[in-house]
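J.:
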Amino acid sequence: MPTIKVKDGTEIFYKDWGTGQPIVFSHGWPLSADDWDTQMLFFLSKGFRVIAHDRRGHGRSTQTGGGHDMDHYADDLAALTAHLDLKNAVHVGHSTGGGEVAHYIARHGESRVAKGVLISAVPPIMVKTASNPGGLPKEVFDGLQAQLAANRAQFYRDLPAGPFYGYNRPGATPSEGIIQNWWRQGMMGGAKAHYDGIVAFSQTDFTEDLKKITVPVLVMHGDDDQIVPYADSAPLSAKLLKNGTLKTYKGFPHGMPTTEAETINADLLAFIKS
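At position 152 of the sequence shown (counting the first as 1) the number is 152 in UniProt numbering, and the numbers step up by one without a gap.
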């Protein structure tokens with residue numbers, strides 16, 4: 001399996017297919033590079049080079065006990081882009097991966113980056129604070145950690161079967177395959193990484209990161225996102241970005257790259273080619 005060893009000894013698994021302009025995909029919590037299968041195959045068929053990695057502690061990467069924070073996530077991504085010597089890359093991040101992309105570009109600069117895309121992403125900040133009154137109370141995230149610690153397998157069954165893909169909405173038609181694939185990806189990763197990752201995705205403030213970014217960034221978000229509520233995320237991120245474009249999807253859920261792949265892929269392609 002292709003892996004790189006980063007400076008603390010953690011091995012990061014990655015996929016690297018095709019040639020052409022590179023598109024780098026950063027997955028959401030608690031998933032893996034496999035969550036991008038539909039996008040990877042689509043963009044490979046359009047002549048792009050597609051790359052996706054398993055975040056530390058997730059998927060096939062080392063189940064390390066530490067380093068589950070945005071600084072390490074961004075540094076791991078920087079190590080991968082340097083190892084592959086990527087230039088003119090488009091970085092696409094879903095959910096927690098959107099935070100990773102924003103922090104990577106702000107922390108490591110834009111010399112290798114052409115554009116960015118934040119899909120259903122956690123920036124600017126999820127948790128409710130004095131400066132972010134529209135955020136979710138910390139107790140919500142404490143509850144996620146408690147559920148993970150008590151019965152991770154059941155928790156990882158209930159999330160995709162319910163709010164993640166909007167399968168709890170009236171008239172929704174749940175896909176058993178999608179639910180099981182979410183569960184499979186989640187259970188491949190380490191409980192410690194996932195437990196700490198809840199703090200990383202909910203409490204990191206990306207405000208200053210977003211302000212630093214000058215490359216074009218597309219912010220895509222469904223207005224029926226039950227995981228990262230729309231009003232306190234996408235519109236605020238788009239405003240903070242120097243060159244941000246907001247695209248809102250009526251009724252789309254958090255996991256829209258999977259359930260609404262045809263629409264998302266077409267809009268991604270249009271943005272990358274623009």
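Yeah, the Cβ is synthetic: ideal placement off N, Cα and C, and Gly gets one too.
Between 73, 264, 238, which lies nearest to residue 194 when the distance is taken from Cα to Cα?
T.: With distances taken between Cα atoms, residue 194 lies closest to 73.
J.: What residue from 199, 239, 198 has the CA that sits closest to residue 207's CA?
T.: Minimum Cα distance to residue 207 is reached at 239.
J.: So, helix, strand or coil for residue 13, using DSSP?
T.: Here residue 13 sits in strand by DSSP.
J.: If you reduce the DSSP assignment to three classes, tell me which class residue 46 lands in.
T.: Of the three classes helix, strand and coil, the one that applies to residue 46 here is coil, per DSSP.
J.: Go ahead and pull the three-state DSSP assignment for residue 220.
T.: Residue state, collapsed to three classes: strand.
J.: With a threshold of 8 angstroms, are at least 3 pairs of Cβ atoms found where one atom belongs to the stretch 240 to 253 and the other to the stretch 205 to 220?
T.: Verdict: yes, contact present.
J.: If you draw a straight line from the C-alpha of residue 166 to the C-alpha of residue 7, how long is it?
T.: Answer to the nearest angstrom: the Cα atoms are 39 angstroms apart.
J.: Near residue 135, which residues of its chain fall below 7 angstroms by C-beta distance, leaving aside the five closest residues on each side in sequence?
T.: For residue 135, where only same-chain residues beyond five positions count, the Cβ hits under 7 angstroms are 125, 126, 127, 128, 129, 232.
J.: Could you tell me if residue 123 is buried or exposed, where buried requires 16 or more neighbouring beta carbons within 10 angstroms of its beta carbon?
T.: Buried.
J.: For residue 29, tell me which candidate among 191, 262, 1 has the shortest Cα-Cα distance.
T.: Measuring from the Cα of residue 29, the nearest candidate turns out to be 191.
J.: Evaluate residue 39 with the Cβ neighbour count: other Cβ atoms within 10 Å of its Cβ, from every protein chain shown; 16 or more gives buried, anything less gives exposed.
T.: Classification of residue 39: buried, given that the 10 Å Cβ count is 16 or more.
J.: With DSSP run on the structure shown, which of helix, strand or coil describes residue 246?
T.: Reduced to three states, the DSSP call for residue 246 is strand.
J.: DSSP state of residue 38, grouped into three classes?
T.: Residue 38 falls in the helix class under three-state DSSP.
J.: Classify residue 87 as helix, strand or coil using the three-state DSSP reduction.
T.: Coil.
J.: Buried or exposed: where does residue 22 fall if 16 or more other Cβ atoms within 10 Å of its Cβ makes it buried?
T.: Flag for residue 22 reads buried.
J.: Rounded C-beta distance between residue 106 and residue 209? I'm assuming under 8 angstroms.
T.: With a Cβ gap of about 4 angstroms, residue 106 and residue 209 count as contacting.
J.: Could you give the distance in angstroms between the alpha-carbon of residue 13 and the alpha-carbon of residue 83?
T.: Answer to the nearest angstrom: the Cα atoms are 12 angstroms apart.
J.: Judging by CA-CA distance, which residue of 24, 258, 96, 256 is the nearest neighbour of residue 80?
T.: That would be 24, whose Cα lies nearest to the Cα of residue 80.
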